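Structure, as structure tokens:
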Amino acid sequence: MSTDDVYPLGYQRVDASPDPGVLLAGMIANAGWSATVDLRAWERDHLRLTTGDRLLDVGCGLGDAARALADDLGPTGEVIGLDASAAMLDAARLSWDAACPARFAVGDAQALDVPSGSFDVARSERVLQWLPDPQAAVTELARVLRSGGRLSLIDTDWGSLRLDVGADDLADAVRRTVGVERARPSRIGRRLPDLARAAGFREIVSTQATQVWSSWDPDSSPAPDGCFSMRELAQDVIDAGELDANELDRFVTTAHDAARQGRFTMSLTMHAVAAARV
Numbered sequence: 514m515s516t517d518d519v520y521p522l523g524y525q526r527v528d529a530s531p532d533p534g535v536l537l538a539g540m541i542a543n544a545g546w547s548a549t550v551d552l553r554a555w556e557r558d559h560l561r562l563t564t565g566d567r568l569l570d571v572g573c574g575l576g577d578a579a580r581a582l583a584d585d586l587g588p589t590g591e592v593i594g595l596d597a598s599a600a601m602l603d604a605a606r607l608s609w610d611a612a613c614p615a616r617f618a619v620g621d622a623q624a625l626d627v628p629s630g631s632f633d634v635a636r637s638e639r640v641l642q643w644l645p646d647p648q649a650a651v652t653e654l655a656r657v658l659r660s661g662g663r664l665s666l667i668d669t670d671w672g673s674l675r676l677d678v679g680a681d682d683l684a685d686a687v688r689r690t691v692g693v694e695r696a697r698p699s700r701i702g703r704r705l706p707d708l709a710r711a712a713g714f715r716e717i718v719s720t721q722a723t724q725v726w727s728s729w730d731p732d733s734s735p736a737p738d739g740c741f742s743m744r745e746l747a748q749d750v751i752d753a754g755e756l757d758a759n760e761l762d763r764f765v766t767t768a769h770d771a772a773r774q775g776r777f778t779m780s781l782t783m784h785a786v787a788a789a790r791v
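All residue numbers for the sequence shown refer to the numbering used here, where the first residue is 514 and numbers rise by one.
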């Protein structure tokens, strides 16, 4: 893979990607981020799963997060995983090896085709940032949970993106613009408590974790672990009219040089909430 290859972030259109496998590889890398690991551990503590629970995972991706929770459900529990991508679902089916049964199907987070009050637990991770109407999706999660059912939401706040690579003027332009171009709404992470509250959830608790990239070899990897290339990042800013082609080249060169010299730092914060349905 050359340094011009990228990890595209178009997870709302995985199956339309020229190479869905690249996106699946990105998902695997994302799952290993320390921020992801920490938030999923927090989620597990707050969901209070019990034997026999029915768990709905909306935007289940590769099914790895649901698989990690499945042991708490036991053989009498059940997992239903929904995703917009058939490629993701195929991978989830192939890798499922938990004792509890699981079913995976294509679904729309904003209009769930499942009965009301039919789940004990529901989760959705890094899905709302890609949706036209995230509030509708959270309201749907409230609908399908039984009274007293538990919810967890995890999502990225692109407004938190920080870049320290030198060329501060260019880095600031990238930071200001990339969230708006990458996801809509870009600052969804910090809005999770309000979305849960508006959907009628109570007992809302929240936390956050920041992923930091400070070690990256641009000569052997196109991007920091599980992330996007600097050229792809800057291209978003060109598309938004904030940089020209010469500035893009200067930003990429500066970022690569900073990484080679051990001066590269990038960070992004993810948020999580847990709540109960009334």
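We put the CB at the ideal spot given by N, CA and C, even for glycine.
These numbers were taken from a predicted model, which means no experiment stands behind them.
Would you tell me roughly how many angstroms separate the C-alpha atoms of residue i and residue j, rounded to the nearest one?
i           : j           : result
residue 745 : residue 665 : 31 Å
residue 775 : residue 638 : 32 Å
residue 587 : residue 566 : 8 Å
residue 551 : residue 762 : 35 Å
residue 757 : residue 767 : 15 Å
residue 730 : residue 583 : 36 Å
residue 554 : residue 629 : 28 Å
residue 556 : residue 787 : 7 Å
residue 564 : residue 585 : 6 Å
residue 769 : residue 619 : 39 Å
residue 699 : residue 649 : 17 Å
residue 675 : residue 719 : 22 Å
residue 524 : residue 597 : 9 Å
residue 708 : residue 576 : 24 Å
Whole-angstrom Cβ separation of residue i and residue j, contact assumed at under 8 Å?
i           : j           : result
residue 562 : residue 592 : Not really, about 11 Å apart at Cβ, beyond 8 Å.
residue 571 : residue 595 : 5 Å
residue 672 : residue 790 : Wrong, their Cβ atoms sit about 29 Å apart, outside the cutoff.
residue 533 : residue 600 : 4 Å
Identify which residue in the options has its Cα closest to the Cα of residue i.
i           : options               : result
residue 603 : 690, 703 and 616      : 616
residue 748 : 574, 584 and 765      : 765
residue 651 : 676, 683, 714 and 614 : 714
residue 728 : 584, 756, 701 and 677 : 677
residue 632 : 640, 532 and 590      : 590
residue 657 : 527, 626 and 777      : 626
residue 546 : 709, 738 and 777      : 738
residue 640 : 705, 600 and 682      : 705
residue 702 : 577, 679, 642 and 581 : 642
Using DSSP bridges, identify the partner residues of residue i.
i           : result
residue 570 : 594 and 636
residue 616 : 593
residue 726 : 779
residue 784 : 668 and 721
residue 677 : 778
Should residue i be labelled buried (16 or more other beta-carbon atoms within 10 Å of its own) or exposed?
i           : result
residue 782 : buried
residue 543 : buried
residue 529 : exposed
residue 669 : buried
residue 607 : exposed
residue 612 : exposed
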